[in-house]
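Enquirer: The numbering used here puts the first residue of the sequence shown at 10, with every later residue one more than the last.
Got a structure for you, questions after.
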Amino acid sequence: MKSFYKYPLLASSLLAFSAVYADDIIIKAALEKAMPTVKIDSIKPSEIPGLKEVSIKGAIFYISDDGKYLVQGHLIDIVAKKDITEAKLASSRIKALEAISDENMIVFKAKKPKNTVYVFTDIDCGYCRKLHSEMEDYLAEGITVKYLFFPRAGKGSESYDKAISVWCADDRKKALTEAKLGNGPVKKTCDNPIDKHMALAEIFEARGTPMIITEKGNVLPGYVPAKKLVESLANE
């Protein structure tokens, strides 16, 4: 068997690969020990030497090669004036949303769909109600709206209970519309995805509602009227 030292380029490549792989093993072990219930989607080199980029359920973190230090925040290229992390988060967001089936959302589908947006909503949020009152405008523009719940008052709140009741109604879309008008809903309980919706909103760093996410994973915070939303989607 020939020694690797007779092939210095091959040897250096293998050593470099082994070092990178070893770092990944150390990082994975450290994260699994600190957060045993967390599933790591990927570990990649970051733009900063000594830090790896870790993707977890649509969120991106940076962790040192030795697995000791974790950094949460956005990586900014100050020369290019570009938010590097945000571009990657957009891709992660849409993958996480696409993993949720339509059966686990309340979908208002346009007859001639041109675009789809995901909207995290709170039944008692004023601007959420305004957006919903203009649903026909969005549908007329070819925008399909897929609702997920994010009751801002949190689990166990009145808004949270309303979200569950809407989900458990025989006609969810009708119950949601009535609830947005301040009528009801009739209190019900059943198996529901509300907690999963809320967990995803928190991963997406939701600060309020409505929170609109486009098909490219970009976030549009707050209410956006139909015509303006069409323009925003066209300029992505």
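Note that beta-carbon positions come from the ideal geometry of N, C-alpha and C, so glycine has one too.
Spatial neighbours of E95 within its chain, please: C-beta separation below 8 Å, excluding the five flanking residues on both sides.
Expert: As a first step, residue 95 is located in the sequence shown; it is residue number 86 there, counting from the start. Within the same chain, E95 has close Cβ partners H83.
Enquirer: Does the structure place the segment 132-139 close enough to the segment 86-101 that three or more beta carbon pairs sit under 8 Å?
Expert: Verdict: no, contact absent.
Enquirer: In the DSSP assignment, find the alpha helix (DSSP H) that holds E214 and state where it starts and stops.
Expert: As a position in the sequence shown, residue 214 is number 205, starting the count at 1. Careful: E214 lies outside any alpha helix (DSSP H) and carries neither H nor E.
Enquirer: I'd like to check one pair, T125 with S155: are the Cβ atoms closer than 8 Å?
Expert: Position 146 of the sequence shown holds residue 155. Position 116 of the sequence shown holds residue 125. It should be pointed out that residue 155 corresponds to Lys in this sequence rather than to Ser. Yes, these two residues count as a Cβ contact at 8 Å.
Enquirer: Taking the alpha-carbon positions, what's the F26 to D33 distance?
Expert: As a working mapping, residue 26 is identified with position 17 in the sequence shown. As a working mapping, residue 33 is identified with position 24 in the sequence shown. Since pLDDT at F26 reaches only 38, below the 50 mark, its modelled position is unreliable, and the value read off the structure follows with that caveat. Each residue's Cα considered, the two are about 11 Å apart.
Enquirer: Would you kindly check if the distance between the Cβ of A243 and the Cβ of D146 is under 8 Å?
Expert: Counted from its first residue, the sequence shown places residue 146 at position 137. Counted from its first residue, the sequence shown places residue 243 at position 234. In this structure, A243 does not lie closer than 8 Å to D146 by Cβ.
Enquirer: Compare the beta carbon distance of F159 and M220 with 8 Å and say whether it is the shorter of the two.
Expert: In the sequence shown, the residue the question calls residue 159 occupies position 150. In the sequence shown, the residue the question calls residue 220 occupies position 211. In contact: F159 and M220 (Cβ atoms closer than 8 Å).
Enquirer: Using the Cα positions of T186 and T153, report the straight-line distance between them to the nearest angstrom.
Expert: Reading the sequence shown from its first residue, position 177 is the one you call residue 186. Reading the sequence shown from its first residue, position 144 is the one you call residue 153. In a straight line, the C-alpha of T186 is about 16 Å away from that of T153.
Enquirer: Out of curiosity, what's the CA-to-CA distance linking M44 and A149?
Expert: Residue mapping note: residue 44 aligns to position 35 of the sequence shown, counting from 1. Residue mapping note: residue 149 aligns to position 140 of the sequence shown, counting from 1. Roughly 46 Å between the two C-alpha positions.
Enquirer: Since K189 and R138 should fall inside the 8 Å C-beta cutoff, what is the C-beta to C-beta distance between them, to a whole number of angstroms?
Expert: Residue mapping note: residue 189 aligns to position 180 of the sequence shown, counting from 1. Residue mapping note: residue 138 aligns to position 129 of the sequence shown, counting from 1. Indeed they touch by this definition, with Cβ atoms about 5 Å apart.
Enquirer: When DSSP labels each residue in this structure, what does A68 get in the three-state scheme?
Expert: Residue numbering aside, residue 68 sits at position 59 when the sequence shown is read from its first letter. Strand at A68.
Enquirer: Check whether the segment 169-181 and the segment 69-85 are in contact - that is, three or more C-beta pairs closer than 8 Å.
Expert: Contact between the segment 169-181 and the segment 69-85 is absent, because fewer than three Cβ pairs lie under 8 Å.
Enquirer: Give the C-beta separation of I115 and R181 to the nearest angstrom, bearing in mind that I take them to be a contact with Cβ-Cβ under 8 Å.
Expert: Residue 115 sits at position 106 when you count from the first residue of the sequence shown. Residue 181 sits at position 172 when you count from the first residue of the sequence shown. Confirmed, about 5 Å.
Enquirer: Which residues bound the alpha helix (DSSP H) around I173?
Expert: As a working note, residue 173 is residue 164 in the sequence shown. First-last of the alpha helix (DSSP H) with I173: E167 to C177.
Enquirer: With DSSP collapsed to three states, give me the class of K48.
Expert: By 1-based counting over the sequence shown, the position of residue 48 is 39. K48 falls in the coil class under three-state DSSP.
Enquirer: Once you ignore the five residues that flank D75 on each side, which residues in its own chain have a CB closer than 7 Å to its CB?
Expert: Taking the sequence shown and counting its residues from 1, the one referred to as residue 75 is at position 66. Hits under 7 Å: I35.
Enquirer: Given this structure, state the Cα-to-Cα distance separating K77 from A39, to the nearest angstrom.
Expert: Looking up residue 77 in the sequence shown gives position 68. Looking up residue 39 in the sequence shown gives position 30. Their backbone Cα atoms lie some 7 Å apart in a straight line.
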